[in-house]
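Colleague: Listed in order, the protein sequences are those of chains A and B. If you want this note's numbering, it's the position in the first sequence, counting the first as 1, plus 7. If you want this note's numbering, it's the position in the second sequence, counting the first as 1, plus 933. Before I ask anything, let me first share the structure, which is written out below as C-alpha cells.
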Amino acid sequence: MISPMEKFRKTEVYKSIFRHKYDDTPRNRALQIVDNVFLHLHPVRIARHATNIGYTWGMGGITFLLFLVLTLTGVILMFYYRPTAQYAYEDMKYLMNDVPFGPLIRNMHRWAAHAMVITVMLHMFRVFLTGSYKPPRQFNWVIGVVLLLLTFLLSFSGYLLPWDQLSIWAVTVGTNMARATPLLGSEGPFGAQLGMRPDADVRFVLLGGTQVGPPTLLRFYVGHCIFLPLIASIFMVVHFWRIRKDGGISGPDTGKKNF
Amino acid sequence: MADELTPPSPAVPQPPQPVAAPPAQITATPIPKKPKQDRAPENDPGVWRMGRKSFLSFAGWLSFLGFLGISTVGSLRYMFPRVLFEPPTKFKAGLPGDYMVGEVSEKYKDSQRIWIVREKEGFYALIAICTHLGCTPNWLEDANKFKCPCHGSGYYKSGVNFEGPTPRPLERAEITLNDDGEIVIDKSIKFRYELGQWGLPGSYLKYTG
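Pasting the structure below:
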C-alpha cells in the first residue's frame, strides 16, 4: 500500500519544486541547505564553536530577527496610519484604542525598535571584546558601523510618526543639531562661507522646511518606511555575505583554521 | 579593412639611451641625430587619436555619466521646495500704548513664540526659543526670569542667560513701528547679544510715550 504522501512525492509538481530526496544522509543534509534560497544564506557546515552561544551571544542574529519583526509589524501598521499632520495623531490613537489587535502590533513595533537598538550595541560590544574586528574582518566592522547608524536613524525617524508633543519636540531638538553640520549646516564650520542658509542647508532637506511641520512628517515617514530599510537591507546583505567570506562566525583562536 | 580602423601609430620620440661608462679606447661611432620634428607625420590625426569604436565607447560612457550626474543634481534640487507653507515671519503686535512699563507680555507667545518686553525707554522682542536645544522657556513673573522646562536653562528679563546648560542669551527679533504707529515684529531678522548685535537699529524700539 503506497501512502498518499509517497504518491504526491512522485508527481512532477513535487519533483519540480523539491529536487532531491530527504533521506538522512550527509549529502542530503547539505543539499537541503544549498537547494533552498532562504536556507542557503546559512553555511552548510559550521565550526563547532559557532554553536557556543556563550561566545557570540547570538546578538547579530537576534538583531536581524528584530528587524524582520519590525518590517512585518511596520507593514501592518501602514494599513491604518496616514502620514499627514491632520490624521497622523488620530490614526495612532485609533490604532491604540479601536483597531483589533492594534495595540499589540504597535507595541510589538515599539518594543522591538527599542530592543533592536540595544541588541545592535551589545552585538558591537561582543565583536569588540572578542577582537572580531581584526583582519580579515575590518571591512565588515565598517559595514556594521554603517548599520548601527542606520538603526539609529530608523529609530529617530520613527519617533516622529505618532505626531504628538513628545515626538515633535524630540525631533525639533534632534534636528537642531543638524544646523551645526560642518560644511552643510547653516551654523556649522564653513557652512556660512559655502552659502548655507537656514532655508537652504542640510537641516532644510531633512525637514522639508525651516521648522518641524507637515512636510517633515512626510519626509520622515518615507525615510522610515522605504528609504532607510532599503539601504539597511543592502548593507545587511553585504554584512552577512562578508561573515562567510571572512572565514565564518568568529570563534576562539585555536591556532588552526576552522575549515 | 581592419587596418583602416586602427589609427596609425604616431612617431614616438625615443628616450635618451643611458650612456655607458667611457671605454678605454674611444671607438664610438657618432649617434645619428634624428631630424627635429616640427610637423605631424602624414595621416596623424593629432589629439583626435581615436578610432570609431573607442569614440562610440567614449560617447556612451560620457552620456551615461552625464545622465547620472544630471539625475543626481535634479534629485537633490527636488528636495528643496520652492514654496513653503509656513506662517509668515512678520506680524503686527498692536499699539505701543497696549503695553505697560515693566511688563513681559506673553500675548504673542503661543501664536508667534515672541515675548514683548516694555521698558521705560522702549521695547524689545525676545524669541521664545531656548538657545540650548530649542524648547520654549516660560516667563516666571515671581522669580523675574525666563526658565526652560526641558533642561533648566535660565535667562534674565533682558534675555541674557545666567543658569543651566544654555551657552548663550536668547535672541531678539526686529521690532519697529509702521506708518500707522503699530508695532511690527519680524522674526526672520535676529539679533544676537554675543555678536554685539543688540545695539543695532531694529533690535530695540525707543518709545517713551
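Even glycine gets a Cβ: it sits at the ideal position worked out from N, Cα and C. None of the values given here were measured: they were computed from a predicted structure.
Of all Cβ atoms in chain B, is any one closer than 8 Å to the Cβ of Asn265 (chain A)?
Modeller: In this prediction, Asn265 (chain A) scores a pLDDT of 48, lower than 50, which makes its location untrustworthy; the coordinate-derived value is nonetheless stated afterwards. Closer than 8 Å: no.
Colleague: Taking Cβ-Cβ distances shorter than 7 Å, what residues in chain B pair up with Trp176 (chain A)?
Modeller: Correct list: Cys1068.
Colleague: Identify each residue in the segment 211-230 of chain A for which the Cβ-Cβ distance to at least one residue of chain B is less than 8 Å, and report them in chain order.
Modeller: The residues in question are Phe211, Val212, Gly215, Gly216, Thr217, Gln218, Gly220, Pro221 and Pro222.
Colleague: How many Å lie between Arg1010 (chain B) and Leu167 (chain A) at the Cα?
Modeller: Their backbone Cα atoms lie some 24 Å apart in a straight line.
Colleague: Which stretch, first to last residue, makes up the alpha helix (DSSP H) that contains Val244 (chain A)?
Modeller: Val244 (chain A) -> alpha helix (DSSP H) spans Leu235 to Lys252.
Colleague: Since Gly192 (chain A) and Asp208 (chain A) should fall inside the 8 Å C-beta cutoff, what is the C-beta to C-beta distance between them, to a whole number of angstroms?
Modeller: With 8 Å as the limit, Gly192 (chain A) and Asp208 (chain A) qualify as a contact, their Cβ atoms being about 5 Å apart.
Colleague: Using 10 angstroms around the beta-carbon of Pro1179 (chain B), count the other beta-carbons present and answer buried if the total reaches 16, otherwise exposed.
Modeller: Any property of residue 1179 (chain B) remains undetermined from this structure, which presents chain B solely from 934 to 1142.
Colleague: Going by Cα to Cα distance, which pick from A:Phe74, A:Gln218 and A:Tyr228 is closest to Ala239 (chain A)?
Modeller: Answer by Cα proximity: A:Phe74.
Colleague: Anything in the segment 170-200 of chain A with a Cβ closer than 8 Å to a Cβ of chain B? List those residues in chain order, please.
Modeller: Taking 8 Å as the Cβ-Cβ cut-off against chain B, the residues of the segment 170-200 of chain A that qualify are Trp176, Thr179, Val180 and Asn183.
Colleague: What residues in its chain sit with their C-beta under 7 Å from that of Thr1109 (chain B), if we drop five residues either side in the sequence?
Modeller: Excluding sequence neighbours, Thr1109 (chain B) sits near Val1117, Gly1135 and Leu1138.
Colleague: Between the C-alpha atoms of Gln1045 (chain B) and Cys1063 (chain B), what's the straight-line distance to the nearest angstrom?
Modeller: Looking at the two C-alpha atoms, the distance is approximately 14 Å.
Colleague: Between the C-alpha atoms of Met70 (chain A) and Leu156 (chain A), what's the straight-line distance to the nearest angstrom?
Modeller: Inspection of the sequence shows that residue 70 (chain A) is occupied by Thr rather than by Met. One C-alpha to the other measures close to 14 Å.
Colleague: With 7 Å as the C-beta to C-beta threshold (strictly closer), list the residues of the segment 94-124 of chain A near chain B in chain order.
Modeller: Within the segment 94-124 of chain A, no residue qualifies.
Colleague: Going by other Cβ atoms of all chains shown within 10 Å of its Cβ, with 16 needed for buried, is His2 (chain A) buried or exposed?
Modeller: Residue coverage of chain A in this structure runs from 8 to 266, which leaves residue 2 (chain A) outside it and unanswerable.
Colleague: What is the DSSP secondary structure of Glu1127 (chain B), reduced to helix, strand or coil?
Modeller: Three-state DSSP puts Glu1127 (chain B) in a helix.
Colleague: With DSSP collapsed to three states, give me the class of Leu1073 (chain B).
Modeller: If DSSP states are grouped into helix, strand and coil, Leu1073 (chain B) belongs with the strands.
Colleague: Give me the Cα-Cα distance between Asp936 (chain B) and Ser257 (chain A), rounded to the nearest whole angstrom.
Modeller: Only weak support exists for where Asp936 (chain B) lies, its pLDDT of 49 falling under 50; the value from the coordinates is given anyway. Asp936 (chain B) and Ser257 (chain A): Cα-Cα distance of roughly 58 Å.
Colleague: Is there at least one Cβ from chain A nearer than 8 Å to Glu1019 (chain B)'s Cβ?
Modeller: Yes, Glu1019 (chain B) lies at the interface with chain A (some Cβ there is under 8 Å from its Cβ).
Colleague: Ends of the beta strand (DSSP E) at Phe1024 (chain B)?
Modeller: Phe1024 (chain B) -> beta strand (DSSP E) spans Lys1023 to Lys1025.
Colleague: Taking 8 Å as the limit between beta carbons, can you name the residues of its chain near Asn265 (chain A), skipping five residues before and five after?
Modeller: Here the model assigns Asn265 (chain A) a pLDDT of 48, short of 50, so the residue's position is not dependable and the matter cannot be decided.
Colleague: Under 8 Å between the Cβ atoms of Gly220 (chain A) and Glu1127 (chain B)?
Modeller: No, the pair does not count as a contact, with Cβ atoms beyond the cut-off.
Colleague: Quick one: any contact between the segment 87-101 of chain A and the segment 217-232 of chain A, if contact means 3 or more CB pairs under 8 Å?
Modeller: The segment 87-101 of chain A is in contact with the segment 217-232 of chain A.
Colleague: Report the three-state DSSP secondary structure of Gly64 (chain A) (helix, strand or coil).
Modeller: The sequence shown places Trp at residue 64 (chain A), not Gly. Three-state result, Trp64 (chain A): coil.
Colleague: Can you grab the Cα-Cα spacing for the pair Lys141 (chain A) / His47 (chain A), in whole Å?
Modeller: Cα-Cα distance, rounded: 26 Å.
Colleague: Take the Cβ of Tyr228 (chain A) as the centre, count every other Cβ of all protein chains shown within 10 Å, and call the residue buried at 16 or more, exposed below.
Modeller: That one is buried.
Colleague: Output needed for Leu102 (chain A): all residues of its chain with C-beta closer than 8 Å, excluding positions within five of it in sequence on either side, in chain order.
Modeller: Excluding positions up to five away in sequence, the list reads Leu84, Tyr87, Tyr88, Gly109, Pro110, Ile112 and Arg113.
Colleague: Nearest by alpha-carbon distance to Pro1029 (chain B): which of B:Lys1053, B:Pro1014 and B:Pro1021 is it?
Modeller: Here the closest residue by C-alpha is B:Lys1053.
Colleague: Starting from the beta carbon of Ala207 (chain A), find every residue of chain B whose beta carbon is closer than 9 Å, and list them in chain order.
Modeller: The answer, in chain order, is Phe1013.
Colleague: Rounding to the nearest angstrom, what Cα-Cα distance links Pro1082 (chain B) and Phe159 (chain A) in this structure?
Modeller: One C-alpha to the other measures close to 26 Å.
Colleague: Distance check for Tyr21 (chain A) and Glu13 (chain A), CA to CA, integer angstroms please.
Modeller: Those two C-alpha atoms are separated by around 11 Å.
Colleague: Kindly indicate which three-state DSSP category Asn1094 (chain B) falls into: helix, strand or coil?
Modeller: Of the three classes helix, strand and coil, the one that applies to Asn1094 (chain B) here is strand, per DSSP.
Colleague: For Glu1096 (chain B), tell me which candidate among B:Pro1021, B:Gly1085 and B:Leu1133 has the shortest Cα-Cα distance.
Modeller: Closest by alpha carbon: B:Gly1085.
Colleague: Would you say Ile1122 (chain B) and Glu1107 (chain B) are within 8 Å of each other, going by their C-beta atoms?
Modeller: Cβ distance < 8 Å, so Ile1122 (chain B) and Glu1107 (chain B) count as in contact.
Colleague: Under three-state DSSP, which class holds Ser1038 (chain B)?
Modeller: In the structure shown, Ser1038 (chain B) sits in a strand (DSSP, three-state: E or B).
Colleague: Are Leu154 (chain A) and His246 (chain A) touching if we call contact CB-CB under 8 Å?
Modeller: The answer is yes: Cβ separation under 8 Å.
Colleague: For Tyr267 (chain A), which residues from the same chain have a beta carbon less than 7 Å from its beta carbon, with the 5 sequence-adjacent residues on both sides left out?
Modeller: Given that chain A is displayed from residue 8 to residue 266, the structure contains no residue 267 (chain A) and the question cannot be resolved.
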